[in-house]
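So the structure is just underneath, and the comments pick up after that.
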Amino acid sequence: MKIELRPVPMAEKETLNNLLEKYNYEFSQYDQIPFGADGLYHYWPLEAYWTESDRAAYFIQVDGVLAGFVLINAHPECDRSLDWAVAEFFVAYQ
Numbered sequence: 258m259k260i261e262l263r264p265v266p267m268a269e270k271e272t273l274n275n276l277l278e279k280y281n282y283e284f285s286q287y288d289q290i291p292f293g294a295d296g297l298y299h300y301w302p303l304e305a306y307w308t309e310s311d312r313a314a315y316f317i318q319v320d321g322v323l324a325g326f327v328l329i330n331a332h333p334e335c336d337r338s339l340d341w342a343v344a345e346f347f348v349a350y351q
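One rule links them: number in our numbering = place in the sequence shown (from 1) + 257.
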């Protein structure tokens, strides 16, 4: 089994957004955040992953097949310093 991280190019933003919708749906049972009037969750900082140097988006591939994503950033959730943090992580490999 070969597992790879591949940077998400802007041209594949829609694929990442589609996975984020599934991720946010699954996570909504914990954070109770509702979807919008259009039925979508709209991951709000998505554009920033191509415009800000302190964010990065990667697809997770298993044997060349899309299996999920990981979003990382340099924005701490506490008062401790960090290099990078996992903002979101989703795997749905079958």
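Think of the CB as a built atom: it goes at the ideal place given N, C-alpha and C, for glycine as much as any other residue.
Every value quoted in this text rests on a predicted model; they were computed, and no experiment measured them.
Can you tell me where the alpha helix (DSSP H) with residue i in it begins and where it stops?
i: Glu283; result: 270-288
Closest by CA to residue i, which one among the options?
i: Ser310; options: Asn330, Pro264, Ala268, Asp336; result: Asn330
i: Lys270; options: Leu328, Gln289, Glu261, Ala349; result: Leu328
i: Leu297; options: Ser285, Ala305, Arg263, Tyr315; result: Ser285
i: Phe326; options: Tyr306, Ile290, Met258; result: Tyr306
i: Asn274; options: Ala342, Asp340, Tyr315; result: Tyr315
i: Pro302; options: Tyr287, Leu277, Gln351; result: Leu277
i: Gln351; options: Pro266, Thr308, Val319, Lys259; result: Val319
Go ahead and pull the three-state DSSP assignment for residue i.
i: Tyr350; result: coil
In the DSSP assignment, what are the bridge partners of residue i?
i: Glu313; result: Note on residue identity: the sequence assigns Ala, not Glu, to residue 313. Answer by DSSP bridge pairing, in chain order: Ile329.
i: Leu297; result: Its beta-bridge partners do not exist; DSSP assigns none.
i: Glu345; result: Leu328
Taking the beta strand (DSSP E) that residue i falls in, what are its first and last residues?
i: Arg337; result: From DSSP, Arg337 is part of no beta strand (DSSP E); its letter is neither H nor E.
i: Glu304; result: Element bounds for Glu304: n/a, residue is neither H nor E.
i: Pro264; result: 260-264
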